[in-house]
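Residue numbers (the numbering used here): 24 to 100. Read the structure below first, then the notes.
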Amino acid sequence: MSASGDAMFAMDLAEDQIKVLEENFTKVSKHPDDATLMLIAAECGLSEEETAKWFRMRNAQWRKAEGLPAELGSVKD
Numbered sequence: 024m025s026a027s028g029d030a031m032f033a034m035d036l037a038e039d040q041i042k043v044l045e046e047n048f049t050k051v052s053k054h055p056d057d058a059t060l061m062l063i064a065a066e067c068g069l070s071e072e073e074t075a076k077w078f079r080m081r082n083a084q085w086r087k088a089e090g091l092p093a094e095l096g097s098v099k100d
């Protein structure tokens with residue numbers, strides 16, 4: 024993992040998994056629906072639960088960087 028704040032992620036992911044997750048986060052959706060989450064999980068070789076957890080943690084990190092509350096609120100994407 025990179026040194027750009029990923030230390031908060033307690034998941035041990037391969038570089039290619041992180042690449043796929045980050046691409047989906049930035050280009051597809053910060054809040055993927057269940058079907059999209061299932062496809063991302065399959066592409067990464069992760070469970071849907073692991074993938075959902077990654078998106079929750081990544082969203083909190085993104086919101087903190089943007090100066091927004093860590094919890095979901097009225098602002099999306």
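Glycine included, C-beta positions come from ideal geometry on N, C-alpha and C.
- Under the 10 Å beta carbon count, A37 is surrounded by fewer than 16 other beta carbons and is classified as exposed.
- Taking the Cα positions, L60 is about 24 Å away from E89.
- Between W77 and K53, the CB-CB gap reaches or exceeds 8 Å.
- Distance from the Cα of F48 is smallest, within the candidate group G68, T74 and D35, for T74.
- Pairing E66 with Q40, the inter-Cα distance amounts to about 8 Å.
- Within the model, the alpha-carbon separation for K50 versus K42 is close to 12 Å.
- Counting only residues of its own chain and dropping the five nearest sequence neighbours on each side, R81 has a CB closer than 6 Å to the CB of F48.
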